[in-house]
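Peer 1: One structure follows; several queries about it will come next.
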């Protein structure tokens, strides 16, 4: 475990690197802070250790917000999980402490160079009063990838999952015990080094906060409308669009506001001259259509080519589709599809349904997509708010999340 | 001034937007926080008002760091400039306060979605003991563009320049009075809204901190070696690479560490199949060569196509070159150039010199560039650390910055 951080950092570099050249030259001046020391010390660094957890309970417990007044990410529980990391020592003592402000020097690198990454996951109450997480290993894996990509530390995913379990137990009373409700968990890693020099942070803070949330569609599904964005680009090959970095979010707000100003709920990011369909504002996208060549029903989502966020719900939808829809005659494809081909499928009556997939709503049915001045109809009947596949997926995934179905994806705290 | 913010936000959108479609549909559900209210209230918002400045002096003044111990961005002055903004009120009272930590809720959007942008500028002591800024209007212009691009507020640039002037006066004793030394200023804007919902921040903080810095090359120029990066991409057309956003920095660290591990001071970002030369880690790049077709001396830098940071030093070098080098027979070009063409110029003995340009070092001569396993020689003799143009530029620009030459670019505080 001690060398995991080192290994993962190396792995992240390996994914980026090209073969070393023979023409290596000596450094004439170190422009950035010396990072060699960090690498050398890595083998003595402390790993994340749940057995060292210290818990300080709040003396001023909050009142619970009534379920019907919950707004996503607006109210938080009594406590937070907080773990410091330094390049010299590794991971410090994990602490559960009263929810509190972070006090940071204004030169801290998180404010200037976006040394920040995060995860979104949920804790659910099952019918026995137990608490469950959904595929937390996927979140831990992704947070490690995100963190390593911006030179922040990595950690033992199982250790953090255990610690999150303890945190969730401490704030158990905040998990709403009703179908569709859950406790949204936000693991976050930030660089905390106090210097304006642009280099790998010598210190970091990993914290987890929790917000009780209600169902995305309290009164049942509501199909949304998307605007295809061709004037701005979210991600590109060789970039960081596949990582859950803060850096991927702020630049997306204006195109989203533009779409909203014309009445669309989200924008759909197209890529390149081919106008490939990539993903929606905060979700991956699935398109179900009748394939022009084969005539078979095909469920399509963009492949993980480095420009697509590796959504946990995306992966879950794909797995369940391969297990449960293929026997019904479906083809499941991770492939590029051009927006023009989506429009053509709609025109030719081959469109079955379209939906977004993400942690917030699980699935989010799409009614239509504005593209080049036309509305592409996504196959729903006028009085219909969700297609068959979207409905099935929501029920299957929720069934696992709330423990109705016994499944290895469900992690009992 | 009151509606400037609104106008600039609009302008930022206009730069991004495509023609409005006739197929506007009503919103079925507001996924994000309501931003319509913000726009409606914009006309009543307060502008940034230097006449309202309040100053609270520190009771514990710091000791000055000796000039020879100054490290870039490591020590800071006694005070900071701090101005809050809210969507409902606009800009609050500007305050100069003792340098202090920021206390922020862990759900604050700057930690999660990289709502942050910044500037780098310097204050210089002239030979009369006066204090000067260098082209502050350019920094204000760029900060407004950066801020608007991530849905943060804009401001009256002249007002902020005045306030920075007052701040610099308060911390005057920290400006080292020696050639090559200066007070580095870091205006920073962060989103401060306390919610995990992804949307335009309803509140922000604009702060300026100051760090006394020494000359980049204390013992004279030292030419650097670059590694051309072809496996990772810094910016993309339609992206935000031309803005000074935090989001552009964290993702650049790993390629920089990779280059450093092989002994190179910085990496050089190439773009696309053509491997166009774009910019260096934290600088724009200039290439001086004999043009193959015309035989004329040509000074080349990448054009502002949306992937290149609009460097103030870049602009200054171009202006001075057009004014002072063109009469000497130089051609000055903002044009794309392929790395292969740079290598060819070197092989054919047409390379004159290469240098980076940025606020930190003004110019930074380049000895060679590692590219496809070969070292591209950039024209310096073995015992030479800077070319003629780099030297001239440094002297010209420093002469203006320190007020030796009377020039409209120099702003007396």
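Protein chains in written order, with the numbering used here: chain A, 1 to 413; chain P, 414 to 826.
Glycine included, each C-beta is placed from N, C-alpha and C at the ideal position.
As the structure is a computational prediction, the values presented were derived from the model and not from experiment.
#1: Relative to the C-alpha of residue 725 of chain P, which residue among P:705, P:745, P:696 is closest?
#2: Report buried or exposed for residue 766 of chain P, applying the criterion of at least 16 other Cβ atoms within 10 angstroms of its Cβ.
#3: State the start and end residues of the unbroken alpha helix (DSSP H) segment that holds residue 523 of chain P.
#4: Going along chain A in order, which residues have a C-beta closer than 7 Å to the C-beta of residue 752 of chain P?
#5: I'd like to know if residue 304 of chain A contacts chain P, where contact means its C-beta is closer than 8 Å to some C-beta of that chain.
#6: Pick out whichever of A:182, A:139, A:166, A:367 has its Cα sitting closest to the Cα of residue 154 of chain A.
#7: Restricting to Cα atoms, I'd like to know which of A:117, A:350, A:244, A:336 is closest to residue 294 of chain A.
#8: Residue 273 of chain A by DSSP, collapsed to three states: which one?
#9: Output the distance between the C-alpha atoms of residue 473 of chain P and residue 537 of chain P, rounded to the nearest integer angstrom.
#10: In three-state DSSP terms, what is residue 787 of chain P?
#11: Counting only beta-carbon atoms, is residue 259 of chain A nearer than 8 Å to chain P?
#12: Leaving aside the five residues before and after residue 321 of chain A along the sequence, list all residues of the same chain whose C-beta is less than 7 Å from its C-beta, in chain order.
#13: In whole angstroms, what separates the C-alpha of residue 702 of chain P from that of residue 791 of chain P?
#14: In chain order, what residues of the same chain have a beta carbon less than 7 Å from the beta carbon of residue 437 of chain P, not counting five sequence neighbours either side?
#15: Pick helix, strand or coil for residue 356 of chain A, following the three-state DSSP scheme.
#16: Strictly under 8 Å for the Cβ-Cβ distance: is residue 267 of chain A near chain P by that measure?
#17: Quick one: grab the DSSP three-state call for residue 316 of chain A.
#18: Cα separation between residue 532 of chain P and residue 619 of chain P?
#19: From A:387, A:152, A:369, pick the residue whose C-alpha is nearest to that of residue 91 of chain A; which is it?
#20: Checking 8 Å against the spacing of the C-beta atoms, do residue 285 of chain A and residue 519 of chain P come in under that value?
#21: Suppose contacts are defined by Cβ-Cβ distances below 8 Å. Is residue 357 of chain A in contact with residue 314 of chain A by that definition?
#22: Using three-state DSSP, classify residue 298 of chain A as helix, strand or coil.
#23: Can you confirm whether residue 232 of chain A, when its beta carbon is compared against all beta carbons of chain P, has any partner nearer than 8 Å?
#24: Name the DSSP bridge partner or partners of residue 545 of chain P?
#25: Check whether the Cβ atoms of residue 372 of chain A and residue 274 of chain A lie closer than 8 Å to each other.
#26: Assuming residue 115 of chain A contacts residue 191 of chain A (C-beta within less than 8 Å), just tell me the rounded distance between them.
#27: Please tell me whether residue 816 of chain P has its Cβ less than 8 Å away from any Cβ of chain A.
#28: Quick one: grab the DSSP three-state call for residue 330 of chain A.
#29: Leaving out five residues before and five after residue 825 of chain P in sequence, what residues of the same chain have Cβ atoms less than 7 Å from its Cβ?
#30: Could you tell me the boundaries of the beta strand (DSSP E) in which residue 529 of chain P lies?
#31: Using the Cα positions of residue 176 of chain A and residue 67 of chain A, report the straight-line distance between them to the nearest angstrom.
#32: Give a yes or no on contact between the region 715-725 of chain P and the region 643-661 of chain P, applying the rule of three or more CB pairs nearer than 8 Å.
#33: Which first and last residues belong to the beta strand (DSSP E) in which residue 475 of chain P is found?
#34: Tell me whether residue 174 of chain A sits in a helix, a strand or coil according to DSSP, three-state version.
#35: Locate the alpha helix (DSSP H) running through residue 208 of chain A, then write down its first and last residues.
#36: Measuring alpha carbon to alpha carbon, tell me which residue in A:269, A:137, A:397, A:221 is nearest residue 384 of chain A.
Peer 2: If we stick to the structure as given:
#1: Residue 725 of chain P sits at position 312 when you count from the first residue of the second chain. Selected option, being the one with the closest Cα: P:696.
#2: Within the second chain, residue 766 of chain P is the residue found at index 353, counting from 1. Looking at its Cβ environment, which holds 16 or more other Cβ atoms inside 10 Å, residue 766 of chain P is buried.
#3: In the second chain, the residue the question calls residue 523 of chain P occupies position 110. Looking at the DSSP string, the run of the alpha helix (DSSP H) that includes residue 523 of chain P is 522-526.
#4: Position 339 of the second chain holds residue 752 of chain P. Near residue 752 of chain P there are no residues of chain A at all, since even the closest Cβ is about 14 Å away, more than 7 Å.
#5: As a working note, residue 304 of chain A is residue 304 in the first chain. No, its Cβ sits nowhere closer than 8 Å to a Cβ of chain P.
#6: Residue mapping note: residue 154 of chain A aligns to position 154 of the first chain, counting from 1. Nearest option by C-alpha distance: A:139.
#7: Residue mapping note: residue 294 of chain A aligns to position 294 of the first chain, counting from 1. Checked all of A:117, A:350, A:244, A:336; the closest Cα to residue 294 of chain A is A:350.
#8: If you number the first chain from 1, residue 273 of chain A lands on position 273. Note: residue 273 of chain A maps to coil in three-state DSSP.
#9: Counted from its first residue, the second chain places residue 473 of chain P at position 60. Counted from its first residue, the second chain places residue 537 of chain P at position 124. Going from the Cα of residue 473 of chain P to the Cα of residue 537 of chain P covers about 25 Å.
#10: Here residue 787 of chain P refers to the residue found at position 374 of the second chain. Three-state result, residue 787 of chain P: strand.
#11: Position 259 of the first chain, counted from the first residue, corresponds to residue 259 of chain A. For residue 259 of chain A, the answer is no, since every Cβ of chain P falls outside 8 Å of its Cβ.
#12: For the purposes of this step, residue 321 of chain A is taken as residue 321 along the first chain, with counting starting at 1. These residues qualify, in order along the chain: 299, 330, 332.
#13: Residue 702 of chain P sits at position 289 when you count from the first residue of the second chain. Residue 791 of chain P sits at position 378 when you count from the first residue of the second chain. Each residue's alpha carbon lies about 9 Å from the other.
#14: Residue 437 of chain P sits at position 24 when you count from the first residue of the second chain. Caution is warranted here: a pLDDT of 36 is assigned to residue 437 of chain P, below 50, making its placement in the model unreliable, and no coordinate value can be reported.
#15: Residue mapping note: residue 356 of chain A aligns to position 356 of the first chain, counting from 1. Residue 356 of chain A: strand per DSSP, three-state reduction.
#16: Against the first chain, residue 267 of chain A aligns to sequence position 267. No - not a single Cβ of chain P is within 8 Å of the one on residue 267 of chain A.
#17: The residue you call residue 316 of chain A lines up with position 316 of the first chain. It is helical.
#18: Start at 1 with the first residue of the second chain, and residue 532 of chain P comes out as number 119. Start at 1 with the first residue of the second chain, and residue 619 of chain P comes out as number 206. Their Cα atoms are separated by approximately 11 Å.
#19: Residue numbering aside, residue 91 of chain A sits at position 91 when the first chain is read from its first letter. The option with the nearest alpha carbon to residue 91 of chain A is A:152.
#20: In the first chain, the residue the question calls residue 285 of chain A occupies position 285. In the second chain, the residue the question calls residue 519 of chain P occupies position 106. No, the Cβ-Cβ distance between residue 285 of chain A and residue 519 of chain P is not below 8 Å.
#21: Mapped onto the first chain, residue 357 of chain A falls at position 357. Mapped onto the first chain, residue 314 of chain A falls at position 314. Going by C-beta atoms, residue 357 of chain A is nearer than 8 Å to residue 314 of chain A.
#22: Mapped onto the first chain, residue 298 of chain A falls at position 298. The answer is strand: DSSP assigns residue 298 of chain A an E or B state.
#23: Sequence index remark: in the first chain, residue 232 of chain A carries index 232 (1-based). Yes, because at least one Cβ of chain P sits closer than 8 Å to the Cβ of residue 232 of chain A.
#24: Here the question's residue 545 of chain P lines up with position 132 in the second chain. Per DSSP, P:537, P:825.
#25: Within the first chain, numbered from 1, the residue matching residue 372 of chain A stands at position 372. Within the first chain, numbered from 1, the residue matching residue 274 of chain A stands at position 274. No, Cβ-Cβ distance for residue 372 of chain A and residue 274 of chain A is not below 8 Å.
#26: Stepping through the first chain from its first residue, residue 115 of chain A is reached at position 115. Stepping through the first chain from its first residue, residue 191 of chain A is reached at position 191. Contact holds; Cβ gap of about 3 Å.
#27: Your numbering for residue 816 of chain P matches position 403 in the second chain. Chain A, which has no Cβ nearer than 8 Å to the Cβ of residue 816 of chain P, makes this no.
#28: Taking the first chain and counting its residues from 1, one reaches residue 330 of chain A at position 330. Looking at residue 330 of chain A - three-state DSSP - the assignment turns out to be coil, as it is neither helix nor strand.
#29: Within the second chain, residue 825 of chain P is the residue found at index 412, counting from 1. Same-chain partners within the cutoff: 543, 545.
#30: Position 116 of the second chain, counted from the start, is the residue given in the question as residue 529 of chain P. Per DSSP, residue 529 of chain P belongs to the beta strand (DSSP E) from 529-531.
#31: Here residue 176 of chain A corresponds to residue number 176 of the first chain, with the count starting at 1. Here residue 67 of chain A corresponds to residue number 67 of the first chain, with the count starting at 1. In a straight line, the C-alpha of residue 176 of chain A is about 7 Å away from that of residue 67 of chain A.
#32: yes
#33: Translated into positions along the second chain, residue 475 of chain P becomes position 62. Per DSSP, residue 475 of chain P belongs to no beta strand (DSSP E) and is neither H nor E.
#34: As a position in the first chain, residue 174 of chain A is number 174, starting the count at 1. It is helical.
#35: Translated into positions along the first chain, residue 208 of chain A becomes position 208. Not the alpha helix (DSSP H): residue 208 of chain A falls in the beta strand (DSSP E), residues 203-213.
#36: If you number the first chain from 1, residue 384 of chain A lands on position 384. The shortest C-alpha separation from residue 384 of chain A is found at A:221.
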